[in-house]
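Okay, structure first, notes after.
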Amino acid sequence: MTPEPTPAPQPIATFKAAPVYRPGLAPSQLFTVNQLGAQGRRVLDDQKPAAWLDLPMPHRSSDYVPLYDLADSIGKRPPSPAQQQVMTERRTCAACSQVFPGIVRGGHVYTLDRPARWCGPCRSADQELHWHTCRRCTTVFEQSASTGQGGNCLACAEHLDRARAVVRALEDRACPRCGVQTATAEEVAAARAAEEARAGYPWWVPRTCEPCKTAEIAAREEAERLAYRQRWPEVEPVRTWARELLADPATAILDTETTGLHSTARIVEIAAYTAAGEKILDTLVNPGEPIPEEATEIHGITDDMVTAPGVPTFGELLPALTEALAGRRIVIYNREFDRARLAHELDRWHREMTPLRPPLILPRWDDHPAVAEWIEAQRWEDCAMEQYAVFAGQWSEYHGSYTWQRLNGGHRAGGDCRTAADRLREIASAPDPA
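The sequence shown: position 186 = 189 (the working numbering), numbered continuously.
Below, the structure written as C-alpha cells:
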C-alpha cells in the first residue's frame with residue numbers, strides 16, 4: 004500500500020504578511036540567520052523574512068525569530084589569504100600540529116611556562132611530565148619530583164637553598180634576555196628595602212637592557228608592518244571611501260538617540276552634521292511616550308527634556324529633516340539600526356495622517372507605501388561601523404567577519420556625529436604599507 008504523503012507544515016499565525024511556525028514545524032528550506040551562517044550563507048541587506056518562528060519567550064527578546072529562504076541567501080565573503088592563515092593557526096595545536104574543526108583554546112603549558120595554543124591531550128601529557136621532572140636537573144622520576152622545594156628533587160632543592168641568595172641577587176641585576184647587568188648592588192639593596200616597606204614590587208629597578216628593549220620594539224613593529232601589508236587589499240578601498248566622503252561637502256553624518264533597542268523604539272533626538280563638524284540639524288524629538296529609565300541612564304535624555312515647549316514631534320520635524328538631507332550622502336555609524344528607527348517613525352506618522360480607507364487599508368505589520376519612497380529617495384552610504392571594523396582589523400572567528408568597534412561618542416546625537424567624523428578621518432589618514 005502506498006503511504007499517504009506527509010501534510011505540509013501549517014502556520015499558526017501571520018506576522019508582517021509572512022506565516023508563523025512553531026519550532027520543528029517550519030518548511031525545511033527555511034533557516035534562521037545563525038543556521039544560515041553555519042552553512043556558510045548570509046542574508047542580503049534588503050532580504051525580507053520568508054516566515055517567522057514562534058519560540059518560547061525566554062528564548063527571544065521580542066516579536067518572532069525571522070526565517071529566511073536558503074535559496075534567496077548568498078555565500079559569505081571568503082576570507083582573504085591572511086585571514087585564512089589566521090583561522091588555520093587558531094585551529095592548529097602548536098605541539099602536535101594537528102588541525103581541529105574548532106578553535107584550539109589552549110591554556111597554561113608547563114614546558115613553555117606560559118599559555119600556549121595546545122590541544123587537550125598535549126597539555127595533559129605535558130602536565131604529567133611536569134610533575135615527574137625535576138625543574139633544575141630535568142631528571143624524570145617514576146614518582147612526582149615535587150617532594151623537594153619548588154618542584155625540584157631533594158638533591159637540587161638542597162643545593163638551591165645554599166645558593167638562593169646569590170642567584171636571586173644576580174637575577175635582580177641582570178637582563179633576562181642577554182644576562183647583562185642592569186642594576187648595581189646598591190640599587191638592588193635599596194629596592195629590596197623599599198619592597199619590604201610597602202610590600203610591593205620594585206618596578207623601577209632596571210631589568211631589560213636598552214639594546215634588548217630596542218630589539219623587542221623593532222620586532223614588534225616589524226610584525227605589525229607585515230600584518231598591515233597583508234591586510235592592505237582590504238584597507239585601501241575603505242581608505243578611498245573615507246577620503247571621498249570627507250572631501251565631499253554634500254556628506255552628512257546622521258545619528259539618533261532612542262527609547263531603547265527594541266523593534267518599536269521611538270526617536271528622542273536626531274542630529275546631522277557635515278564631515279567638517281558644521282551643524283545641519285540637531286534637536287530633541289518628543290516621542291509621545293515615556294522614556295524608559297534604562298534608556299535615560301545611557302543618553303541622559305529625560306521626559307521633561309522632550310516635553311518642554313518647542314520640542315517637535317517626529318511628524319513636525321519631518322519637513323525640516325527631509326530638506327536637510329536632500330541631495331546629501333548620508334553616513335551613519337550602525338546604519339541599519341538608525342535607518343530602521345526612521346522607517347518606524349515614518350510608518351507611524353503616515354498611518355496617523357492617512358485615514359484607513361480603500362485602497363490604503365494596510366495590514367497592521369506592513370510598512371506604509373510612503374516609507375519606502377522616503378527611504379529610497381535618500382543617498383545612504385555604506386555603514387560606517389562596518390567600514391571601520393575592516394580598518395581596525397580585529398577578525399572574529401565566530402562571526403566570520405571583522406569585529407564591530409564601539410563608537411564611544413557619549414550617546415548624544417551631536418557628539419556621536421562628531422565622533423563618527425573622527426572615525427572617518429582616522430580611516431582616511433591610514434598610511435600606505437611600508
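Note that CB positions come from ideal geometry on N, CA and C, so glycine has one too.
It should be emphasised that the depicted structure is a prediction, and the values quoted were computed from it without experimental measurement.
Inset, instruction - Specify, as a first and last residue, the run of the beta strand (DSSP E) that I335 falls within. - result: Here residue 335 is taken as the residue at index 332 of the sequence shown, counted from 1. R332 to I335 is the span of the beta strand (DSSP E), which, as asked, contains I335.
Inset, instruction - Using a threshold of 8 Å, state whether the C-beta atoms of L257 and I304 are closer than that. - result: Taking the first residue of the sequence shown as position 1, residue 257 is located at position 254. Taking the first residue of the sequence shown as position 1, residue 304 is located at position 301. For L257 and I304, no; Cβs fall outside 8 Å.
Legend entry - Cβ pair V241, Q390 closer than 8 Å: As a position in the sequence shown, residue 241 is number 238, starting the count at 1. As a position in the sequence shown, residue 390 is number 387, starting the count at 1. Yes; because the gap between Cβ atoms is below 8 Å, this pair is in contact.
Legend entry - Rounded C-alpha distance that separates L410 from A423: Residue mapping note: residue 410 aligns to position 407 of the sequence shown, counting from 1. Residue mapping note: residue 423 aligns to position 420 of the sequence shown, counting from 1. Cα-Cα distance, rounded: 7 Å.
Legend entry - Whether R342 touches I283 by CB criterion (8 Å): Along the sequence shown, one-based indexing puts residue 342 at 339. Along the sequence shown, one-based indexing puts residue 283 at 280. Against a cut-off of 8 Å, the Cβ pair of I283 and R342 comes out as no contact.
Legend entry - At least three beta-carbon pairs within less than 8 Å, the region 97-112 to the region 424-434: no
Inset, instruction - Assess, as a yes-or-no matter, whether the region 309-327 is touched by the region 273-287 under the definition of 3 or more beta carbon pairs within less than 8 Å. - result: yes
Legend entry - Distance between R382 and V102 (C-alpha atoms, nearest Å): Sequence index remark: in the sequence shown, residue 102 carries index 99 (1-based). Sequence index remark: in the sequence shown, residue 382 carries index 379 (1-based). Approximately 46 Å, taken between the alpha carbons.
Legend entry - Coarse secondary structure for A226, derived from DSSP in three states: Residue 226 sits at position 223 when you count from the first residue of the sequence shown. Residue state, collapsed to three classes: helix.
Inset, instruction - State the Cα-Cα distance for the pair E224 and L264, rounded to the nearest angstrom. - result: Indexing the sequence shown from 1 puts residue 224 at position 221. Indexing the sequence shown from 1 puts residue 264 at position 261. Cα to Cα, the separation comes out at about 40 Å.
Inset, instruction - Compute the distance between the beta-carbons of L70 and T35, then report whether it is under 8 Å. - result: The residue you call residue 70 lines up with position 67 of the sequence shown. The residue you call residue 35 lines up with position 32 of the sequence shown. The answer is yes: Cβ separation under 8 Å.
Inset, instruction - Would you identify the three-state DSSP class for A177, choosing helix, strand or coil? - result: Along the sequence shown, read from residue 1 onward, the residue named residue 177 stands at position 174. Looking at A177 - three-state DSSP - the assignment turns out to be strand.
Legend entry - Residue environment, R331, which counts as buried when at least 16 other CB atoms sit within 10 Å: The residue you call residue 331 lines up with position 328 of the sequence shown. By the 10 Å Cβ count, R331 comes out buried.
Inset, instruction - Note down, one range per segment and in chain order, each beta strand (DSSP E) of at least 3 residues found wholly within the region 65-150. - result: 68-72, 110-112 and 117-119
Legend entry - Distance, A346 Cα to A375 Cα: Within the sequence shown, numbered from 1, the residue matching residue 375 stands at position 372. Within the sequence shown, numbered from 1, the residue matching residue 346 stands at position 343. Cα to Cα, A375 sits roughly 8 Å from A346.
Inset, instruction - Whole angstroms is fine: what's the gap from Q408's alpha carbon to Q397's? - result: In the sequence shown, residue 408 corresponds to position 405, counting from 1. In the sequence shown, residue 397 corresponds to position 394, counting from 1. The straight-line gap from Cα to Cα measures roughly 9 Å.
Legend entry - Assigned secondary structure, E384 (DSSP; H/G/I helix, E/B strand, else coil): As a working note, residue 384 is residue 381 in the sequence shown. Looking at E384 - three-state DSSP - the assignment turns out to be coil, as it is neither helix nor strand.
Inset, instruction - List the residues that DSSP assigns as beta-bridge partners of A16. - result: Here residue 16 corresponds to residue number 13 of the sequence shown, with the count starting at 1. Answer is V23.
Inset, instruction - Have a look at A218, I273 and Q42 and flag the residue whose alpha-carbon is nearest the alpha-carbon of R415. - result: Counting from one through the sequence shown, the residue named residue 415 turns up at place 412. Selected option, being the one with the closest Cα: I273.
Inset, instruction - Could you tell me if S76 is buried or exposed, where buried requires 16 or more neighbouring beta carbons within 10 angstroms of its beta carbon? - result: Working through the sequence shown from its first residue, we reach residue 76 at position 73. That one is buried.
Legend entry - For K51, three-class secondary structure by DSSP: Numbered from 1 along the sequence shown, position 48 holds the residue referred to as residue 51. Looking at K51 - three-state DSSP - the assignment turns out to be coil, as it is neither helix nor strand.
Inset, instruction - Measure the C-alpha to C-alpha separation of C181 and R120 and round it to an integer number of angstroms. - result: Your numbering for residue 181 matches position 178 in the sequence shown. Your numbering for residue 120 matches position 117 in the sequence shown. In a straight line, the C-alpha of C181 is about 27 Å away from that of R120.
Inset, instruction - Rounded to whole angstroms, what's the CA-CA distance from H371 to R246? Just pull it up for me. - result: As a working mapping, residue 371 is identified with position 368 in the sequence shown. As a working mapping, residue 246 is identified with position 243 in the sequence shown. Straight-line Cα distance between these residues: approximately 36 Å.
Inset, instruction - Less than 8 Å between the CB atoms is what I'm expecting for A21 and A54, so what's the real figure, rounded? - result: Position 18 of the sequence shown, counted from the first residue, corresponds to residue 21. Position 51 of the sequence shown, counted from the first residue, corresponds to residue 54. At roughly 5 Å, the Cβ-Cβ gap stays under 8 Å, so A21 and A54 are in contact.
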